[in-house]
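See below for the structure under consideration.
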Amino acid sequence: MEITFLDVLKLLSEKGLVRLLDYQFARFMSDQVYQNSDEIAFISALLSYELGQGNVCLLFINDKGEKNLLDVVSKFNLSSDIMLQLNKKILQTDWSQIIKDCYLIGFQDESHPLIFDGLRLYLQRYWQYEYNLALCLTNFSVSRNLQYSELKLLGSFLDQIIYRDYDILFHKLSKLSCSIQRKKILYEYLDVISFDRLNWKAIEKVLINAIHAEDLKVLDTLIPQSSCLNWQKVAAAIALTRNFLVISGGPGTGKTTTVTQLLAVLIYQFQQKAITPIIKLVAPTGKASAHLTQSIGVSLKHIVSIAPELKGYFPTEASTLHALLGMIPNSVNFYHNQRNPINVDILVVDEASMVDLSMMFNLLNSIPKHARLILLGDKDQLSSVEAGSVLGDVCSFYQYGFSYNQAQLIATLTGYSHKSFFIQNVKNKNSISDSLCMLTKNYRFDSCSGIGQLAKAVNFGEISKVESILKKKFTDIRYFSIKHGHYNHILRVLVREYGTYLKSLNQFLLSKDVGKLETQKQEAKKVLKIFSRCRLLCAVRMGDFGVVTLNKHIEYALISSQLIQIKGKTWYHGRPIMITKNDYELGLFNGDIGICICNGIDVTSHLRVFFELPDGNIRSFSPNRLPEHETAYAMTIHKSQGSEFDLVLMVLPLKFSKILTKELVYTGITRAKSSLFLYASMSILKRSINTKIQRSSGLVNKLKKLNNLV
Ligand SMILES: Nc1ncnc2c1ncn2[C@@H]1O[C@H](COP(=O)(O)OP(=O)(O)OP(=O)(O)O)[C@@H](O)[C@H]1O
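Following full-length UniProt numbering, the numbering of the sequence shown begins with 1 at its first residue and continues without gaps.
See below:
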């Protein structure tokens, strides 16, 4: 007897290959229709399954014009007999007719539960999110009306904030005696892109004869701005010309520095109109918002070109997106929306790659029309946990280049030549690509750093380069092929690293003030800082090299080294935990790290868990009040997004699974600031780098239509 789609779905659900939710949704939808109920059940289940996988829609036809349903079901690894029957059934079904005949499926109509746009099937809510987000993004990208005199004024202020620091250059050059090296450093520092028109002989003469930094000032004429291009300055210029700006770049490319500089320029622009702007900083998680607060603070301290009175206008705190929008318990809606917008003039969103489609829509729907929105992130990192890949989709418009108008505006503001930019051949006045800026120059990793080179090679999918980097002896990378089992090495390193904070905590038990909450808070602040220096990152949760097993092994190793005493209890002095579910009432968020500390000699009694809040204060909770959490010696790469550590130990499992992707490996590597220990078999590593995440979404298509690019 021929199998039905519902038979296959039942099998998939029993095997755990689709969620029970997907199967039940399919049954529900099939009960609602009078004809083709089996087919409707099938596509409903696949749509629900795809949403669970982070896709916004079920793609029927992919970019290459190929039928995509076969690709979706091929992921299930069913027996060849069932697969053959299923594929045949899919190919024989006239899907467009079935969709046309189904009264539950509409075409861009709000009253239908499902929407089909010719290529993609959506849950109505997601279609609305996507459509409205595309509209909001396009409206926000519109150019501001700037008079020439205003441009000149803003341009000269921009020059004051982002300027050539000849002191630093003089210092760099003074150490060099080789002419070629001098040329390289000089051109790199000044971001020279047009070398042909420069008179190197005259420049070299200035460099050789310079006795003081001031002597280099003549380079302003010899190397004019028009032969240079600094994308940080371009980002600031874009922020002045329109309400929407996206800055994407890997770690260390200067996103925080850039946003600090451009905020100074924006404050100045508002002040020209006698307005003191309300600035808000947000990030998707508590951890990321604490990081943003801290990094903007550090950046502000270092940037001398921003006058102290201007620094006074900078916010000193960041919040989470949920807190900014105002969560309504048990609802998908927020307190703030189009009718009740957030009171903000400039909004900076960090770690924007982690923001999913529905959150991004809610955000854009809640900010007033006049406000400036700046998204910061790394488009090449893992996408959001929930459906969508908004940052990646928006950044894909970078390939179209600036419109001619925008290139001219940026040139006027920066002094760079408009010919330096890639300009669209479409006659577009406003375009989403006019709002994009990609930072690629790395200020953190120099050419001797392996981490920077490895991250780049992984990102470009250059397998042979990855292999040769791992074979070279870079001081900041150690590679261990776990074919032969490097479990013990991982544990040894972690006992040493975690031993530092645990020894401090054990010492603390002996102090006379151990019972005082204030003293505990001070100790907690110190050990949380030490704990944040190193982390073991796993690609998966389960299995020998998964988070669960490794957390247990690390605990055993720490017990053997007498660094912790568990005494059969879950909670013990020194246990690090990570919150895995937001609790708005307690103010604890997914990804927050806490340390369990006891207030007496008996290490399992009177325990409290201490967390550092985004404002730097420490708060403690009784363990039994905490929302969902887990031990945090090891964490998944997914959960590590938005965090950075001096030393990262990253481990991939021995068996390939579809979770292992280029984006996952890149995200893991880029969590390391100073050292990376990579434990992986070369074949698994290569296969992971060759596997790219492609999320189904119609956002690019909708934006193209709205931007006259199709
Ligand atoms: N134009 C610049 N000239 C010199 N140093 C710079 C410049 N821009 C940034 N840096 C330095 O490079 C380092 C990294 O910069 P920053 O923190 O802004 O990068 P980031 O992209 O925000 O990094 P992450 O994503 O890791 O937080 C900092 O030490 C910063 O001072």
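All residues carry an ideal CB built from backbone N, CA and C; glycine is no exception.
Source: prediction; values computed, not measured.
Contacts around residue i, its chain only, beta-carbon distance under 7 angstroms, and the 5 residues preceding and following it disregarded
{"i": "Phe25", "result": "Ser44, Ala45 and Ser48"}
{"i": "Phe116", "result": "Ile99, Ile105 and Phe107"}
{"i": "Met327", "result": "Phe334 and Tyr584"}
{"i": "residue 772", "result": "This structure cannot settle anything about residue 772, because the visible part of the chain is limited to 1 through 710."}
As assigned by DSSP and simplified to three states, the class of residue i
{"i": "Ala634", "result": "strand"}
{"i": "Ala680", "result": "coil"}
{"i": "Tyr34", "result": "coil"}
{"i": "Gly297", "result": "helix"}
{"i": "Ile595", "result": "strand"}
{"i": "Tyr416", "result": "coil"}
{"i": "Gly312", "result": "coil"}
{"i": "Arg671", "result": "coil"}
{"i": "Thr320", "result": "strand"}
{"i": "Pro623", "result": "helix"}
{"i": "Asp101", "result": "helix"}
{"i": "Cys57", "result": "coil"}
{"i": "Ile579", "result": "strand"}
{"i": "Lys658", "result": "coil"}
{"i": "Cys534", "result": "strand"}
{"i": "Ala45", "result": "helix"}
{"i": "Cys228", "result": "strand"}
{"i": "Val8", "result": "helix"}
{"i": "Gly155", "result": "helix"}
{"i": "Tyr443", "result": "coil"}
{"i": "Gly388", "result": "coil"}
Close beta carbons around residue i, own chain, < 6 angstroms, minus the five adjacent residues each side
{"i": "Ile185", "result": "Lys172"}
{"i": "Ser696", "result": "Asn55, Cys57 and Leu59"}
{"i": "Asn707", "result": "Ser431 and Ile432"}
{"i": "Ala672", "result": "Ile451 and Val648"}
{"i": "Leu678", "result": "Tyr479 and Met650"}
{"i": "Gly515", "result": "Asn599"}
{"i": "Gln406", "result": "Asp434"}
{"i": "Leu409", "result": "Thr241"}
Inter-residue Cα distance where the pair is residue i and residue j
{"i": "Leu703", "j": "Ile432", "result": "8 angstroms"}
{"i": "Leu135", "j": "Thr412", "result": "29 angstroms"}
{"i": "Leu660", "j": "Thr257", "result": "32 angstroms"}
{"i": "Ser481", "j": "Cys538", "result": "15 angstroms"}
{"i": "Thr285", "j": "Ile82", "result": "43 angstroms"}
{"i": "Asp71", "j": "Leu652", "result": "26 angstroms"}
{"i": "Ile208", "j": "Val218", "result": "13 angstroms"}
{"i": "Leu137", "j": "Gly155", "result": "26 angstroms"}
{"i": "Leu300", "j": "Thr260", "result": "7 angstroms"}
{"i": "Leu510", "j": "Arg575", "result": "18 angstroms"}
{"i": "Leu17", "j": "Ser143", "result": "48 angstroms"}
{"i": "Ile223", "j": "Asp196", "result": "11 angstroms"}
{"i": "Glu523", "j": "Asp544", "result": "34 angstroms"}
{"i": "Thr580", "j": "Ser227", "result": "50 angstroms"}
{"i": "Lys233", "j": "Ile162", "result": "7 angstroms"}
{"i": "Val665", "j": "Leu21", "result": "30 angstroms"}
{"i": "Gly250", "j": "Val8", "result": "43 angstroms"}
{"i": "Phe621", "j": "Glu612", "result": "12 angstroms"}
{"i": "Leu347", "j": "Leu281", "result": "6 angstroms"}
{"i": "Ile669", "j": "Phe460", "result": "14 angstroms"}
Cutoff 8 angstroms; reference residue i; Cβ partners in own chain excluding five residues on either side
{"i": "His291", "result": "Ala283, Asp350, Gly642, Ser643 and Glu644"}
{"i": "Ser657", "result": "Val540"}
{"i": "Asn199", "result": "Leu222"}
{"i": "Tyr126", "result": "Leu51, Val56, Cys57, Leu357, Ser358 and Ala387"}
{"i": "Thr691", "result": "Lys658, Leu660, Thr661 and Lys662"}
Supposed close pair residue i, residue j - CB separation, criterion 8 angstroms
{"i": "Leu607", "j": "Cys596", "result": "5 angstroms"}
{"i": "Ser383", "j": "Phe244", "result": "Not confirmed; about 20 angstroms, so no contact."}
{"i": "residue 719", "j": "Thr293", "result": "Only positions 1 to 710 of the chain appear in this structure, which leaves residue 719 out of reach."}
{"i": "Ile530", "j": "Ile689", "result": "The pair is not a contact, with the Cβ atoms about 33 angstroms apart (cut-off 8 angstroms)."}
Near ligand 3: residue i beta-carbon under 7 angstroms from a heavy atom
{"i": "Lys301", "result": "As for ligand 3, it is missing from this structure, which binds only ligand 1."}
Please confirm if the stretch 441-453 is in contact with the stretch 361-369, defined as three or more CB-CB distances below 8 angstroms between the two stretches. no
At a cut of 8 angstroms, does the stretch 499-506 reach the stretch 463-474 through at least three beta carbon pairs? no
Do the stretch 341-356 and the stretch 376-395 make contact, defined as three or more Cβ pairs closer than 8 angstroms? yes
Cβ contact check for the stretch 154-171 and the stretch 397-411: 3 or more pairs under 8 angstroms: no
Would you be able to state if there are at least three C-beta pairs under 8 angstroms between the stretch 236-255 and the stretch 191-207? no
Below 8 angstroms, how does it come out for the stretch 566-586 and the stretch 625-640: are there three or more Cβ pairs, yes or no? yes
Examine the Cβ distances between the stretch 553-565 and the stretch 528-535 and report whether three or more of them are shorter than 8 angstroms. no
Flag this pair as touching only if the stretch 629-639 and the stretch 610-621 have three or more C-beta atom pairs under 8 angstroms; answer yes or no. no
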